[in-house]
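Student:
Numbering (this note's numbering), first residue to last: 3 to 231.
1) Would you list, in sequence order, the uninterrupted beta strand (DSSP E) runs of no fewer than 3 residues that lie entirely inside the region 75-161?
2) Taking the alpha-carbon of residue 129 as reference, which of 176, 96, 159 has the nearest alpha-carbon?
3) Look up residue 25 in the DSSP assignment and say whether it is helix, strand or coil.
4) What would DSSP say about residue 171, mapped onto helix, strand or coil?
5) Between residue 148 and residue 192, what straight-line distance do the alpha-carbon atoms span, to the nearest angstrom?
6) Can the beta-carbon of residue 212 be found closer than 8 Å to that of residue 228?
7) Are the Cβ atoms of residue 107 and residue 34 separated by less than 8 Å?
8) Excluding the five sequence neighbours on either side, which residues of its own chain have a C-beta within less than 7 Å of the C-beta of residue 37, listed in chain order?
9) Given residue 165, which residues of its chain have a CB within under 7 Å of its CB, disregarding the five upstream and five downstream residues?
10) For residue 157, tell me which candidate among 187, 62, 51, 94 has the shortest Cα-Cα distance.
11) Can you give, in chain order, each stretch of the beta strand (DSSP E) that sits fully within the region 166-231 and has at least 3 residues?
12) Who are residue 51's beta bridge partners in DSSP?
13) Given a cut-off of 8 Å on the beta-carbon distance, is the pair residue 214 and residue 199 in contact?
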């Protein structure tokens, strides 16, 4: 009787582990600080592709091959001996401690908003148009010039400059493509956190946006970029 009960428990645990396996592409955003008062660096935009078993970022195109072991809750990097632990919460979020005093929180992306455009066409739409003020408050220009800090630090993957005319400051912007879905990442100045949006639709007059992350301290809500009256 005890042996049968033990066998049932073992099988249940194995089934639970395998049922927890997740699919698709996940992004880290709205990460949480582990210990307040310590140095913390922004770490949003990590990308995990569970189907292809690789890890990347919205800020560059390099992909790192990994082995994801759900039974051990570990991610192993194939190019190194490094491994990291993760914690899976149902099928809604995964937490991974990748350092920088941040718990990176990955959530699944909805990749059902494919656009009939390529990355350069979307960049040209932003560069070549004047837009209404963001949230009726902030006048910005999407410049084709590279962000000055990326030039200063000689970064391989350079972002573009976002001119904030209302604040007389500069941030950056870029477009990321994931399986014909496109994402707009921007900052409104040199120090604020990233705004991350998925581009839902695009026509000659308007880019409709779905919020993924907006800095809470700025209280700026952006749902579209509109160029036509």
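Note that beta-carbon positions come from the ideal geometry of N, C-alpha and C, so glycine has one too.
Note that the coordinates shown come from a computational prediction; the quantities given were computed from them, not determined experimentally.
Tutor: With the structure as the only source:
1) 76-79, 85-91, 95-99, 104-110, 142-148
2) 176
3) coil
4) strand
5) 14 Å
6) no
7) yes
8) 103
9) 142, 143, 145, 172
10) 62
11) 171-180, 183-188, 197-204, 208-215, 226-228
12) 27, 56
13) yes
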